[in-house]
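A quick write-up on the structure given underneath.
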Amino acid sequence: MTQADHQEQVGKDISVHHLIPRKFFVGPDGQFDHEQANRVSNLVTVCSKHHLIWEAVAPQRLDTIVDATQPPERGGPDGVALALRGDEG
């Protein structure tokens with residue numbers, strides 16, 4: 005789905021999350037490396053609601069999860085406690 009298709013169907017732009025935050029792509033010279041920061045392997049599309057959760061735990065890998073149904077002390081997003089998939093115990 006293109007940005008235009010999404011805009012037409014949903015009425016909003018696609019929300020794109022950088023797995024490694026953009027601030028990590030600023031070199032010692034202060035220049036932002038757009039090409040590296042925006043590699044497809046560093047991007048994931050998410051709904052705007054879940055984008056806020058992803059931002060709370062960045063940098064985030066696709067092989068980790070946050071249980072948003074739990075309070076922070078039990079691994080919810082405000083607690084930034086991550087569990088590897090298959091190791092949720």
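My numbering applies: residue 5 is where the sequence shown begins, and numbers increase by one.
Virtual Cβ for every residue (Gly too), placed ideally from N, Cα, C.
Being a predicted model, the structure only gives us computed values, none of them experimental.
Handout entry: Reference residue 17, options 6, 27, 25, 23, closest by Cα
Key = Here the question's residue 17 lines up with position 13 in the sequence shown. Looking at 6, 27, 25, 23, the one whose alpha-carbon comes closest to that of residue 17 is 6.
Practice task
Please name the residue in 56, 23, 55 whose C-alpha comes closest to that of residue 107.
Solution key: Outside the modelled stretch of the chain, which goes from 5 to 93, sits residue 107, for which no answer is possible.
Problem - residue 20 versus 58, 60, 47, 54, residue with shortest Cα-Cα distance - result: Residue mapping note: residue 20 aligns to position 16 of the sequence shown, counting from 1. Closest option to residue 20, judged by alpha-carbon separation, among 58, 60, 47, 54: 47.
Problem - Within 7 Å, strictly: CB atoms of residue 29 and residue 37 - result: Reading the sequence shown from its first residue, position 25 is the one you call residue 29. Reading the sequence shown from its first residue, position 33 is the one you call residue 37. The Cβ atoms of residue 29 and residue 37 sit closer than 7 Å to each other.
Problem - Simplified DSSP state of residue 47, which is helix, strand or coil - result: Within the sequence shown, residue 47 is the residue found at index 43, counting from 1. Three-state result, residue 47: strand.
Exercise for the section: Report the option in 25, 60, 9, 56 whose CA atom is closest to the CA atom of residue 45. Expected result: Translated into positions along the sequence shown, residue 45 becomes position 41. Scanning 25, 60, 9, 56 for the CA closest to the CA of residue 45 turns up 25.
Handout entry: beta strand (DSSP E) segment containing residue 20, residue limits
Key = Taking the first residue of the sequence shown as position 1, residue 20 is located at position 16. Element bounds for residue 20: 19 to 22.
Practice task
Have a look at residue 34 and residue 61 and give me their C-alpha separation to the nearest angstrom.
Solution key: Translated into the one-based positions of the sequence shown, residue 34 becomes position 30. Translated into the one-based positions of the sequence shown, residue 61 becomes position 57. Roughly 25 Å separates the two Cα atoms.
Exercise for the section: Enumerate in chain order the residues of its own chain whose CB-to-CB distance from residue 55 is below 6 Å, with the five nearest sequence positions on each side excluded. Expected result: Residue numbering aside, residue 55 sits at position 51 when the sequence shown is read from its first letter. Within the same chain, residue 55 has close Cβ partners 19, 21.
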